[in-house]
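Chemist: In the UniProt record's numbering, the protein residues as written are 1 to 306.
Ideal placement from N, C-alpha and C gives every residue a C-beta, glycine not left out.
This one's a predicted model, so the numbers in the text were calculated from it and none came from an experiment.
Below is the structure I would like to discuss, written out as structure tokens.
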């Protein structure tokens, strides 16, 4: 009886000690995240391969085998499943060596006590099926974890791509917004220029109409002045023609007068020339007479010694 109670107490103590180790979720996450137990290192095609890989990963020792036999000696299948699951979850290199030693010593004692009891095969069969189902679920979880990791990487890459696309879209939107603002300014400036040009065009049309009216008035006035000038020119031309005819008549009369005067001058010149010749002859005679008289007076003076 005491042996049976010790057997029941030892699994409870083992369970309490295992509960002091990291929780199931933390060990499970560490099992999936630790580089030593990466899923990519497990190449399994069947449950046997998976179990061999599991043994290779966890590297079982003699102490762990003793603990497993201790768990298997328990009559309660639920406690077996719970203890075995805790054993699998806490057989990582991070387990405290002192606690494992205590577990191993208690397991040895339990193994010695369990040799006297026979294991019920009817209870072991559902437990083995449960363990096998657990390994299947674990294998499936590993596969799903790898798929989820791949999907997560794919989602992250899509997220990064979408973030980059979003940044590019935001930059493009900002550029389009700036261009839109510039276009608005250009359109407003164009509207202002259009209104100014329209106002200037209206003023130009009004100014052109005023200039046309002034041109018509000036044209009429110029036509009147031109007609008056033409009439005056015609009158002056007729007057000029009559004056020219009178002047030509006077010119012909003057020419005839000049001709007559020239003839008179010619005759006068001839008369003067003739008179000059006569005067020269006369003066020559007078001079000769004077010379003769002076000679005679000189002779007489000489003769009478004056």
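Hey, how far is the Cα of residue 298 from the Cα of residue 291?
Modeler: Numbered from its first residue, the chain shown carries residue 298 at position 298. Numbered from its first residue, the chain shown carries residue 291 at position 291. In a straight line, the C-alpha of residue 298 is about 11 Å away from that of residue 291.
Chemist: Roughly how many angstroms lie between the CA atoms of residue 90 and residue 162, to the nearest whole one?
Modeler: Taking the first residue of the chain shown as 1, we reach residue 90 at position 90. Taking the first residue of the chain shown as 1, we reach residue 162 at position 162. Confidence at residue 90 is low in this model, with a pLDDT of 46, below 50, so its placement is unreliable and no value can be given for it.
Chemist: Mind checking residue 295: buried by the 16 CB within 10 Å criterion, or exposed?
Modeler: As a working note, residue 295 is residue 295 in the chain shown. Its Cβ having fewer than 16 others within 10 Å, residue 295 is exposed.
Chemist: Taking just the CA atoms, how far does residue 180 sit from residue 166?
Modeler: Taking the chain shown and counting its residues from 1, one reaches residue 166 at position 166. Taking the chain shown and counting its residues from 1, one reaches residue 180 at position 180. Spanning the two alpha carbons is a distance of roughly 20 Å.
Chemist: Buried or exposed: residue 173, going by 16 or more other Cβ atoms within 10 Å of its Cβ?
Modeler: Your numbering for residue 173 matches position 173 in the chain shown. Exposed: under 16 other Cβ atoms inside 10 Å.
Chemist: Quick one: using the 10 Å Cβ neighbour count with 16 as the cut-off for buried, is residue 207 buried or exposed?
Modeler: Within the chain shown, residue 207 is the residue found at index 207, counting from 1. Exposed.
Chemist: Taking the C-alpha atoms as reference points, what is the distance between residue 231 and residue 204?
Modeler: Looking up residue 231 in the chain shown gives position 231. Looking up residue 204 in the chain shown gives position 204. Straight-line Cα distance between these residues: approximately 39 Å.
Chemist: Starting from the N-terminal side, write out each stretch of the alpha helix (DSSP H) that is 4 residues or longer and does not extend beyond the region 170 to 253.
Modeler: Counting whole runs of 4 or more residues, the region 170 to 253 contains no alpha helix (DSSP H) stretch at all.
Chemist: What is the DSSP secondary structure of residue 294, counted as helix, strand or coil?
Modeler: Taking the chain shown and counting its residues from 1, one reaches residue 294 at position 294. Helix, per DSSP.
Chemist: State buried or exposed for residue 215, treating a residue as buried only when at least 16 other CB atoms are found within 10 Å of its CB.
Modeler: Here residue 215 refers to the residue found at position 215 of the chain shown. The residue is exposed, with fewer than 16 neighbouring Cβ atoms inside 10 Å.
Chemist: From residue 191 to residue 150, what does the alpha carbon distance come to, in whole angstroms?
Modeler: Walking along the chain shown from the start, residue 191 turns up at place 191. Walking along the chain shown from the start, residue 150 turns up at place 150. Roughly 59 Å separates the two Cα atoms.
Chemist: Given this structure, state the Cα-to-Cα distance separating residue 132 from residue 170, to the nearest angstrom.
Modeler: Your numbering for residue 132 matches position 132 in the chain shown. Your numbering for residue 170 matches position 170 in the chain shown. In a straight line, the C-alpha of residue 132 is about 55 Å away from that of residue 170.
Chemist: State the Cα-Cα distance for the pair residue 134 and residue 157, rounded to the nearest angstrom.
Modeler: The residue you call residue 134 lines up with position 134 of the chain shown. The residue you call residue 157 lines up with position 157 of the chain shown. For residue 134 and residue 157, the distance between alpha carbons rounds to 33 Å.
Chemist: If we ignore side chains and look at the alpha-carbon of each, how far apart do residue 194 and residue 200 end up?
Modeler: Taking the first residue of the chain shown as position 1, residue 194 is located at position 194. Taking the first residue of the chain shown as position 1, residue 200 is located at position 200. Cα-Cα distance, rounded: 10 Å.
Chemist: Can you give me the C-alpha to C-alpha distance between residue 229 and residue 220, rounded to a whole angstrom?
Modeler: Counting from one through the chain shown, the residue named residue 229 turns up at place 229. Counting from one through the chain shown, the residue named residue 220 turns up at place 220. The straight-line gap from Cα to Cα measures roughly 14 Å.
Chemist: Here's the rule I'm using: 16 or more other beta-carbon atoms within 10 Å means buried, otherwise exposed. How should residue 139 be labelled?
Modeler: Counted from its first residue, the chain shown places residue 139 at position 139. By the 10 Å Cβ count, residue 139 comes out buried.
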